[in-house]
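Novice: Residue numbers (the working numbering), protein chains in the order written: chain A, 1 to 556; chain B, 557 to 741.
Glycine residues also receive a C-beta, built at the ideal position from the N, C-alpha and C atoms.
Sending over a structure as structure tokens; questions will come in a sec.
Laid out in structure tokens, this is it:
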């Protein structure tokens, strides 16, 4: 835009005042000779001074052209950039034609690209006109520089933070992976334990302190005849009522002692197999928490029924073998004297009375031995009948006091032979029972025979009858060899003999078995006790007393 | 106030008392996670909160802290952030003070959301002037005293400062009668 004074300002613009607003101005004449400079310009461009030409001290940077007064005049609306030839400092500004004579002015200001240049050029802010935006630009630049610096610092912090977060994330991922691996391992171990728990060929269960089932494995569930999950939360009595009191007693004992416990060969009739006695080994372990307090109990149940049966069968087989050997011996023994007697008779057949007497004696020996063989065979037949349940009783009302002397008569020869002392006691009151007289005599004779057999010569044997509660009880006591504790239960079994029996007095081990069978057929019971080997024994038989008027006679 | 003010408070505390105390001050002022950008405006409460927390934690009277802050503003903050411009503010203390009104007028343009103080110089002699300090913010009189002391040190020109009118005591604005021994160039 051409600077033309409006009519209103015509002649009113004082040039000196105007130029004061541009302290870096320079003015030249028509020939391009500098005639005046502003007060601040020499500080920036000391070479620009009156008397020098424009072209001498300045170089035109923009626009393109030849630096001269005329060139300025030809571009009144142009922004000029010129450089001080001596120091390359730039001046920017516009051209102003002052008067028709050709005096021109450049309304210049130094161009600065950094705040440092103010002092570098030897200037202060007071050297600039108030309207000059150079200072504003430099201030803005400085502020932007400061902001950029802040942002760089922030960026550095963010980068550091990001790296820290990346590291944290990596740590978290590592921790997560470790946790995942641990979880997987724990799960695998738990699955293994679960599998073992479920498939172990042994019963396993856990109880809480109220003795309620917390967990039960499949094996035990099958024993109990109840699904494993149906155990949970139930009390023992709700699952196995028949053995609950025993189980709870064991559990409470473990809780009290805080120690494991083991119970072997426990018998139980389980819901899974009603009516079948099964054998178990039971082991208890208390469960503790970290503080050492008991939090529950573990029960291991191992069924040993098959093992027990095998043991029983082996024992039976062993007894059978012993029995066969004994039987062979017993059968063989009489045969030798019989054979000798017969040979003697055959060789000495004569009418001589003396010889005939000897022959009769020999035949008598043979007859006794044959009788013995008959008794042995009868006993074997008895065994067969017992085995097949074919014993028949002829029951009638009788009195134990009348039966015992008959048994004593049968045993007396053996008693006398071993010179035993016998004491016999029977109460003055009746001991009525309903029974087979002959068989009961056989029972007590067997007991006496057993006592005689296992008591050394000149021993003491006592036979005692009494009324005990609802029973008539007969006891046979001796001071013989006694019975080892582990044999007390088995001595009543068929073919059972204590090891030293054979050396005692022969026999094939069926006397006590026969006695027990007969007593049981009379609804009675038998028992034996001994303080141990060498300390004597006591056998007893209890048969229900026949109450007057109420007794019935069984015929079978 | 712009972030440069709060950053300057931080610089003062870190350089004088250490990073730990500054972290404690930030925590007390609730600014643990804030990153303050110099050229961004923040509520005045941020700066006032930091000053209050600093005085509590450093067990320093507010007046003394503000004087120290004013000195720090000239000698450290100004030098670091506006070094060349500070230098070009004037060859002498007198020249600088006379330029002060223009400079803050330019600051208005620079920070459009700032309410910068306004200065005016009257009764100017070769060895003294009366500096009028107009501000909407309370409690900055001692900060102004610190600024003048900082300038005195910067120009190595001992000065006397007399608060001849105080806004806190009902005056329209604070007026400082500033005098110096002799001009130094």
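#1: Applying the 10 Å Cβ sphere with the 16-neighbour rule, what's the burial state of residue 182/A?
#2: If residue 279/A and residue 305/A are in contact, beta carbons under 8 Å, what's the gap, nearest whole angstrom?
#3: Run down chain A in chain order and give the residues with a C-beta less than 9 Å from the C-beta of residue 602/B.
#4: Determine the burial state of residue 194/A: buried for a count of at least 16 other Cβ atoms within 10 Å of its Cβ, exposed for fewer.
#5: Residue 205/A bridges to which residues according to DSSP?
#6: Using the rule of at least 16 other Cβ atoms within 10 Å of the residue's Cβ for burial, across every protein chain shown, is residue 722/B buried or exposed?
#7: What does a CB cutoff of less than 6 Å around residue 460/A pick up in its chain, not counting 5 residues either side in sequence?
#8: If contact means a Cβ-Cβ distance below 7 Å, which residues of the segment 628-645 of chain B contact chain A?
#9: Using a Cβ-Cβ cut-off of 8 Å (strictly less than) and excluding sequence neighbours within five positions of residue 665/B, which residues of its own chain qualify?
#10: Kindly indicate if chain B contains any beta-carbon less than 8 Å away from that of residue 160/A.
#11: State yes or no: is the beta carbon of residue 571/B nearer than 8 Å to at least one beta carbon in chain A?
#12: Can you tell which of 637/B, 588/B, 650/B and 595/B has the C-alpha that lies nearest to the C-alpha of residue 684/B?
#13: Answer with buried or exposed for residue 101/A, where buried requires no fewer than 16 other C-beta atoms within 10 angstroms of its C-beta.
#14: Below 8 Å, can you find three or more Cβ-Cβ pairs linking the segment 509-520 of chain A to the segment 399-414 of chain A?
#15: Using only the alpha-carbon positions, how far apart do residue 324/A and residue 286/A sit?
#16: Within the chosen definition, does the segment 10-28 of chain A reach the segment 103-110 of chain A through at least 3 CB pairs nearer than 8 Å?
#17: On the three-state DSSP scale, how would you describe residue 533/A?
#18: Is there a Cβ of chain B sitting closer than 8 Å to that of residue 16/A, yes or no?
#19: How long is the line joining the alpha carbons of residue 634/B and residue 31/A, rounded to whole angstroms?
#20: Would you kindly check if the distance between the Cβ of residue 82/A and the Cβ of residue 98/A is under 8 Å?
#21: Report yes or no: do the segment 703-710 of chain B and the segment 622-632 of chain B share at least 3 C-beta pairs separated by less than 8 Å?
#22: Could you spell out the range, first to last residue, of the beta strand (DSSP E) harbouring residue 601/A?
#23: May I ask which residues mark the beginning and end of the alpha helix (DSSP H) holding residue 169/A?
#24: When we look at the beta-carbon of residue 343/A and count the other beta-carbons within 10 Å, is it buried (16 or more) or exposed?
#25: Just checking, does the segment 524-543 of chain A make contact with the segment 564-575 of chain B on the three C-beta pairs under 8 Å criterion?
#26: By the DSSP assignment, the beta strand (DSSP E) with residue 630/B in it spans what residues?
#27: Alpha carbon to alpha carbon, what distance is there between residue 557/B and residue 603/B?
#28: Straight-line CA distance for residue 124/A to residue 163/A?
#29: Going along the chain, which residues of its own chain have a beta-carbon closer than 8 Å to the beta-carbon of residue 593/B, five neighbours each way excluded?
#30: Going along the chain, which residues of the segment 110-133 of chain A sit with their C-beta nearer than 7 Å to a C-beta in chain B?
#31: DSSP state of residue 727/B, grouped into three classes?
#32: Helix, strand or coil, according to DSSP, for residue 338/A in the structure here?
#33: To the nearest whole angstrom, what separates the beta carbons of residue 686/B and residue 733/B, a pair I think is in contact under 8 Å?
#34: Could you tell me if residue 288/A is buried or exposed, where buried requires 16 or more neighbouring beta carbons within 10 angstroms of its beta carbon?
#35: Given a cut-off of 8 Å, decide if residue 436/A and residue 394/A are closer than it, judged by their beta-carbon atoms.
#36: Check whether the segment 156-171 of chain A touches the segment 669-678 of chain B, taking contact to mean three or more Cβ pairs, one atom from each stretch, closer than 8 Å.
Specialist: In brief:
#1: Label assigned to residue 182/A: exposed.
#2: In this structure residue 279/A is in contact with residue 305/A, their Cβ atoms being roughly 5 Å apart against a cut-off of 8 Å.
#3: Within chain A, no residue comes near residue 602/B; the closest Cβ sits about 16 Å away, beyond 9 Å.
#4: Flag for residue 194/A reads exposed.
#5: By DSSP's assignment, residue 205/A forms a beta bridge with 216/A and 299/A.
#6: Its Cβ having fewer than 16 others within 10 Å, residue 722/B is exposed.
#7: The beta carbon of residue 460/A sits closer than 6 Å to those of 421 and 479, all from its chain and outside the five residues before and after it, given in chain order.
#8: Within the segment 628-645 of chain B, the qualifying residues are 637, 638, 640, 641, 643, 644 and 645.
#9: Around residue 665/B: no qualifying Cβ.
#10: No, because no Cβ of chain B sits closer than 8 Å to the Cβ of residue 160/A.
#11: With respect to chain A, the C-beta atom of residue 571/B has no partner C-beta closer than 8 Å.
#12: Selected option, being the one with the closest Cα: 650/B.
#13: Exposed.
#14: As far as the Cβ criterion goes, the segment 509-520 of chain A does not touch the segment 399-414 of chain A, which means the pair count is below three.
#15: If I take the Cα positions, the gap works out to 51 Å.
#16: Taking 8 Å as the limit for Cβ pairs, the verdict is that the segment 103-110 of chain A does touch the segment 10-28 of chain A.
#17: Per DSSP, reduced to three states, the secondary structure at residue 533/A is coil, with no helix or strand assignment.
#18: False, the Cβ-Cβ gap to chain B never drops below 8 Å.
#19: If you take the alpha carbons of residue 634/B and residue 31/A, they lie about 48 Å apart.
#20: Cβ distance not < 8 Å, so residue 98/A and residue 82/A don't count as in contact.
#21: They touch, by the three-pair rule.
#22: Summary: the structure shown does not reach residue 601/A, with chain A confined to residues 1 through 556, and so no result is reported for it.
#23: That run of the alpha helix (DSSP H) goes 134-199.
#24: So residue 343/A counts as exposed.
#25: The segment 524-543 of chain A, when compared against the segment 564-575 of chain B, does not touch it at the 8 Å Cβ threshold.
#26: Note, residue 630/B: premise wrong, no beta strand (DSSP E); not H, not E.
#27: If I take the Cα positions, the gap works out to 7 Å.
#28: Cα to Cα, residue 124/A sits roughly 46 Å from residue 163/A.
#29: When the five nearest sequence neighbours on each side are left out, the beta carbons in the same chain lying within less than 8 Å of the beta carbon of residue 593/B are those of 559, in order along the chain.
#30: If you check each beta-carbon in the segment 110-133 of chain A against every beta-carbon of chain B, the ones closer than 7 Å belong to 115, 116, 118, 119, 123, 124, 125, 126 and 130.
#31: Residue 727/B: coil per DSSP, three-state reduction.
#32: Judged by DSSP in its simplified three-state form, residue 338/A adopts helix.
#33: Contact check for residue 686/B and residue 733/B: beta-carbon distance about 6 Å, within the 8 Å limit, so the pair qualifies.
#34: Exposed is the label assigned to residue 288/A, since fewer than 16 other Cβ atoms lie within 10 Å of its Cβ.
#35: Yes, these two residues count as a Cβ contact at 8 Å.
#36: No: the two stretches stay apart, fewer than three of their Cβ pairs being nearer than 8 Å.
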